[in-house]
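2 protein chains.
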Amino acid sequence: MFAEERKGKIVEIIKSGNSAKVSELAKLFNVSEATIRRDLMELEQTGQIVRTHGGAVSSQNTNFEPSFIEKQDKYLKEKEEIAKKAASLVSDNDTITIDSGTTTQFIAKYLKAKGVTVVTNSVNLADELSRRDDMEVIVTGGVIRTKTKAMVGPVAESALKQFRVDKLFLGCNGVSIKMGVTTPNIVEASTKRAMIEGAKEVYLVVDSSKFDEVSFSLICPASKIDYIVTDKLPNDYEKYKHLGIEFILV
Amino acid sequence: MFAEERKGKIVEIIKSGNSAKVSELAKLFNVSEATIRRDLMELEQTGQIVRTHGGAVSSQNTNFEPSFIEKQDKYLKEKEEIAKKAASLVSDNDTITIDSGTTTQFIAKYLKAKGVTVVTNSVNLADELSRRDDMEVIVTGGVIRTKTKAMVGPVAESALKQFRVDKLFLGCNGVSIKMGVTTPNIVEASTKRAMIEGAKEVYLVVDSSKFDEVSFSLICPASKIDYIVTDKLPNDYEKYKHLGIEFILV
DNA sequence: ATTAAATCAAACATAAATGAACATAAACAA
DNA sequence: TTGTTTATGTTCATTTATGTTTGATTTAAT
Numbered sequence: 001m002f003a004e005e006r007k008g009k010i011v012e013i014i015k016s017g018n019s020a021k022v023s024e025l026a027k028l029f030n031v032s033e034a035t036i037r038r039d040l041m042e043l044e045q046t047g048q049i050v051r052t053h054g055g056a057v058s059s060q061n062t063n064f065e066p067s068f069i070e071k072q073d074k075y076l077k078e079k080e081e082i083a084k085k086a087a088s089l090v091s092d093n094d095t096i097t098i099d100s101g102t103t104t105q106f107i108a109k110y111l112k113a114k115g116v117t118v119v120t121n122s123v124n125l126a127d128e129l130s131r132r133d134d135m136e137v138i139v140t141g142g143v144i145r146t147k148t149k150a151m152v153g154p155v156a157e158s159a160l161k162q163f164r165v166d167k168l169f170l171g172c173n174g175v176s177i178k179m180g181v182t183t184p185n186i187v188e189a190s191t192k193r194a195m196i197e198g199a200k201e202v203y204l205v206v207d208s209s210k211f212d213e214v215s216f217s218l219i220c221p222a223s224k225i226d227y228i229v230t231d232k233l234p235n236d237y238e239k240y241k242h243l244g245i246e247f248i249l250v
Numbered sequence: 001m002f003a004e005e006r007k008g009k010i011v012e013i014i015k016s017g018n019s020a021k022v023s024e025l026a027k028l029f030n031v032s033e034a035t036i037r038r039d040l041m042e043l044e045q046t047g048q049i050v051r052t053h054g055g056a057v058s059s060q061n062t063n064f065e066p067s068f069i070e071k072q073d074k075y076l077k078e079k080e081e082i083a084k085k086a087a088s089l090v091s092d093n094d095t096i097t098i099d100s101g102t103t104t105q106f107i108a109k110y111l112k113a114k115g116v117t118v119v120t121n122s123v124n125l126a127d128e129l130s131r132r133d134d135m136e137v138i139v140t141g142g143v144i145r146t147k148t149k150a151m152v153g154p155v156a157e158s159a160l161k162q163f164r165v166d167k168l169f170l171g172c173n174g175v176s177i178k179m180g181v182t183t184p185n186i187v188e189a190s191t192k193r194a195m196i197e198g199a200k201e202v203y204l205v206v207d208s209s210k211f212d213e214v215s216f217s218l219i220c221p222a223s224k225i226d227y228i229v230t231d232k233l234p235n236d237y238e239k240y241k242h243l244g245i246e247f248i249l250v
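From first to last, the protein sequence lines are chains P and W.
The first sequence lines up with residues 1 to 250 when you count with the working numbering.
The second sequence lines up with residues 1 to 250 when you count with the working numbering.
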C-alpha cells in the first residue's frame with residue numbers, strides 16, 4: 001500500500017467515524033506511529049482533518065464553523081495556516097504588535113508563548129485577547145474604520161510611538177518589489193507606517209494572492225520588510241532575497 | 001473520546017439551551033472535575049461559553065429566558081433600563097464619552113441619535129459600535145484590564161486629553177456625598193478622571209445599589225457630577241441637590 | 001451573622017503522546 | 001557504480017492531558 005492510499009483511507013475513516021487514534025491507525029496499517037503522525041500532520045495542513053492529542057477528529061464537526069462571510073473568502077484556509085505559522089514565531093516574553101487585517105486576525109487564536117505583550121489596533125483582536133489573562137494587551141485606540149475594524153489616525157499613531165516591540169506582524173493588500181507594500185486607505189497606511197517605526201523586526205503576513213498587487217496608498221518600500229510569512233513563493237522571489245527579505249512558508 | 005470531542009459536545013450541550021454543571025459533565029464523560037473545569041476555562045477563553053460558579057451557560061444572550069449569569073445580577077433589568085434612559089439623553093450631533101462598566105455597556109444598544117461621535121475605553125463597546133457606520137467611534141486605547149474589559153493607563157489618558165465632549169456617561173462602583181465617587185482599581189480611577197476633565201457635562205450612570213457604597217480608589221468628589229441617571233433616589237438626595245446634582249430616573 | 005457544604009484554583013504527580021534528531025533501506029538518478 | 005531522495009523506523013527529551021490533594025472562595029442554610 002502506498003502512502004497516498006493510506007492517507008486517503010485515514011481521511012475516510014475519520015470523516016465517517018469522526019475520530020481515530022494514532023495507535024489504532026498504526027496497527028491497522030502495520031506502520032509505526034511516527035508514520036501515522038506524519039500522515040496526520042499533512043492531512044491537517046491540507047485541512048482535511050483536525051489533529052488532537054492521541055489522534056485526530058473530523059474537521060467538519062469541530063468547534064469553529066466558518067461564518068458565511070468567512071466561507072466566501074477562498075483564501076481563508078491559507079490565511080489561517082499563515083496566521084498559525086506567524087503565531088509560532090512568537091517566543092516567550094516577546095513584545096509584539098499585531099496589525100489589523102483578515103490574515104493577522106487569526107494570529108491570536110494560535111498564540112501559545114508565555115509572558116507575551118501584545119499591541120494591536122484591531123477591534124477584533126482586542127475583543128478576543130481581552131479574554132486572555134495570560135498576556136498583557138495594549139490597544140492603540142483611534143478612530144474605528146467600519147470596513148476593516150482597524151483603529152487608525154493620530155490617536156493610534158501617538159500611542160504606537162510609545163512602544164518598541166520585538167516583532168511586528170503586518171498585513172497589507174499588495175506587495176511588489178517595484179511598487180512596495182500598499183493598502184487602499186491612506187490613513188490606515190500612515191498608521192501601519194507608525195507600527196513599522198516602532199518594531200525591531202517586521203513580518204509581513206500575507207497570502208500569496210497579494211504578490212504583485214498594488215493598492216492606492218504606499219505603506220513602505222519592500223526593503224523595510226524583514227520576513228514574509230506566506231503560503232507560496234512569488235515568481236520573483238530571488239529579488240526579495242536580494243533585498244534581504246526572508247520567506248517563511250507554512 | 002478525545003479532549004477535542006469532549007469539548008465540542010460540551011459546547012453543544014450548553015448552546016442547546018441547557019446549562020451544565022461541572023459535576024454532571026464529569027460524570028457524563030467519565031473524567032475528573034478538574035478536567036471539566038479546564039475544558040470550560042478554554043471554552044470561555046475562546047468565547048464559546050460563559051462560566052458560572054458550578055458550571056457554565058451559553059454565551060449568546062439571544063435566549064428569551066434570562067440566563068444564569070443574568071439572573072445572578074439582580075440589578076440587570078435596572079441596568080438596562082438606566083442605560084436606555086441615558087441613551088435617550090443624547091442629542092443629534094452630540095459628542096459623547098462612554099465609560100466602560102456593566103451599566104454603561106448597554107448604552108450603545110439604545111443609541112438612536114444621528115451624527116453622534118462616541119469616545120470609549122470599553123472593549124465591548126468598541127466591538128459593538130464598530131458594526132455601526134452611522135456614527136464616528138473613537139477608542140481611547142490603553143492596557144486592557146481583563147476583569148472589566150476597560151482600556152486604561154497612560155495611553156488611554158493621553159488619548160482622552162485630545163478630546164472635549166458634550167456628555168460623559170460615567171460608571172462607578174460606589175457614590176456617596178461624603179466619600180465621593182469610587183471604584184476598586186486605582187488605574188481605572190485615574191482614567192475615569194481623565195474622562196471627566198474632557199467633558200462639559202458628567203452623567204453618572206449607576207443603579208441604586210451603588211449609593212453609599214465606597215470602593216478603594218477615589219475618582220472625584222460628588223460635586224463633579226452634574227446628573228445621576230438611576231432607578232431610585234438615594235435617601236440623602238436633598239444633599240445631592242444641594243451640590244447641584246440633578247437626578248434622572250428611569 | 002455564622003457555619004457547613006459545595007465549588008474552585010493552584011500545585012504537584014504521572015503516564016501517554018509527541019516532535020525532533022538520527023538511522024536505515026528502498027527507489028531513483030547521474 | 002555512486003550519490004541522492006523518499007518513506008519509514010527508532011530513540012529520547014519534552015509536552016500534554018489528566019488526576020489528586022490542599023487550602024481558599026463561594027454559596028446556601030441556619
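Even for Gly, the Cβ is constructed at its ideal location relative to N, Cα and C.
Since the structure is predicted, the reported quantities are computational estimates derived from the model, not experimental observations.
The beta carbon of Phe-29 of chain P is closer than 6 Å to those of Arg-6 in its chain, skipping five residues each way along the sequence. Contact between Val-116 of chain P and Val-143 of chain P does not hold, since the beta-carbon distance rounds to 27 Å and is not under 8 Å.
With distances taken between CA atoms, Gly-153 of chain P lies nearest to P:Asn-121 out of P:Met-1, P:Tyr-240, P:Ala-108, P:Asn-121.
At least one CB of chain W lies nearer than 8 Å to the CB of Gly-55 of chain P.
By the neighbour-count criterion, in which a residue is buried when 16 or more other Cβ atoms sit within 10 angstroms of its Cβ, Leu-249 of chain W is exposed. Within chain W, the C-beta atoms nearer than 7 Å to that of Glu-136 of chain P come from Val-143, in chain order. For the stretch 84–165 of chain P, the full-length beta strand (DSSP E) segments reaching 3 residues or more read 95–98, 117–120, 136–139, 142–145, 150–152 along the chain. Among the residues of chain P, none has a CB under 8 Å from the CB of Asp-99 of chain W; the nearest is roughly 15 Å distant. Put simply, the backbone Cα of Cys-172 of chain W is about 15 Å away from that of Met-151 of chain W.
Contact between Thr-102 of chain P and Ile-82 of chain P fails: their C-beta atoms lie close to 11 Å from each other, not under 8 Å. Your pair Ile-36 of chain W and Val-155 of chain P does not check out as a contact, with CB atoms roughly 43 Å apart and the cut at 8 Å. Look at Lys-241 of chain W here: in three-state DSSP terms it is helix.
Of the other Cβ atoms in all chains shown, fewer than 16 fall within 10 Å of the Cβ of Arg-131 of chain W; this residue is therefore exposed. Residue state for Glu-44 of chain P is assigned as helix, using DSSP reduced to three classes. Taking all protein chains in view, the Cβ of Ile-186 of chain P is surrounded by fewer than 16 other Cβ atoms within 10 Å, so the residue is classified as exposed. Remark: C-beta atoms of Ile-245 of chain W and Ile-219 of chain W do not approach each other more closely than 8 Å. Below 8 Å, too few C-beta pairs join the stretch 8–28 of chain W and the stretch 230–247 of chain P to call them touching: fewer than three. The C-alpha of Glu-197 of chain P lies about 22 Å from the C-alpha of Lys-149 of chain P.
About 6 Å separates the Cβ atoms of Asp-94 of chain P and Lys-167 of chain P, confirming a contact at the 8 Å cut-off.
For Ser-190 of chain W, the enclosing alpha helix (DSSP H) covers residues 186–197. Around the C-beta of Arg-145 of chain W, 16 or more other C-beta atoms lie within 10 Å, and the residue is accordingly described as buried.
For Lys-161 of chain W, no CB of chain P lies under 8 Å from its own CB, so it is not counted at the interface with that chain. Using beta-carbon distances, Val-123 of chain P counts as an interface residue toward chain W, with a partner under 8 Å. Distance between Met-1 of chain P and Val-22 of chain P, taken at the CA atoms: about 18 Å. Pairing Phe-163 of chain P with Ile-107 of chain P gives a Cβ-Cβ distance that is not under 8 Å. From the beta-carbon of Asp-236 of chain W, no residue of chain P is found nearer than 7 Å; the closest lies around 37 Å away. Contact annotation for Ser-19 of chain P against chain W: Phe-2, Glu-5 [CB-CB distance below 7 Å, chain order].
Nearest in C-alpha terms to Gly-174 of chain W, of all of W:Ala-159, W:Lys-210, W:Glu-201, W:Lys-109, is W:Lys-210.
In its chain, beyond the 5 residues on either side, Tyr-203, Glu-246, Ile-248 have a beta carbon closer than 6 Å to the beta carbon of Tyr-227 of chain W. The contact set of Gly-47 of chain W on chain P, defined by CB atoms closer than 8 Å, consists of Glu-128, Arg-131 in chain order. Flagged as an interface residue toward chain P: Thr-140 of chain W, by a C-beta distance shorter than 8 Å. The closest CA to that of Val-165 of chain P, considering only P:Asp-207, P:Leu-111, P:Pro-221, P:Ile-98, is found on P:Ile-98. At a cut-off of 8 Å between beta carbons, Val-116 of chain P makes no contact with chain W. Around Thr-146 of chain W, the beta-carbon contacts reaching into chain P at under 9 Å are Ser-130, Arg-131, Arg-132, Asp-133, Val-137. Ranking P:Tyr-110, P:Ile-96, P:Ala-3 by CA distance to the CA of Lys-85 of chain P puts P:Tyr-110 first.
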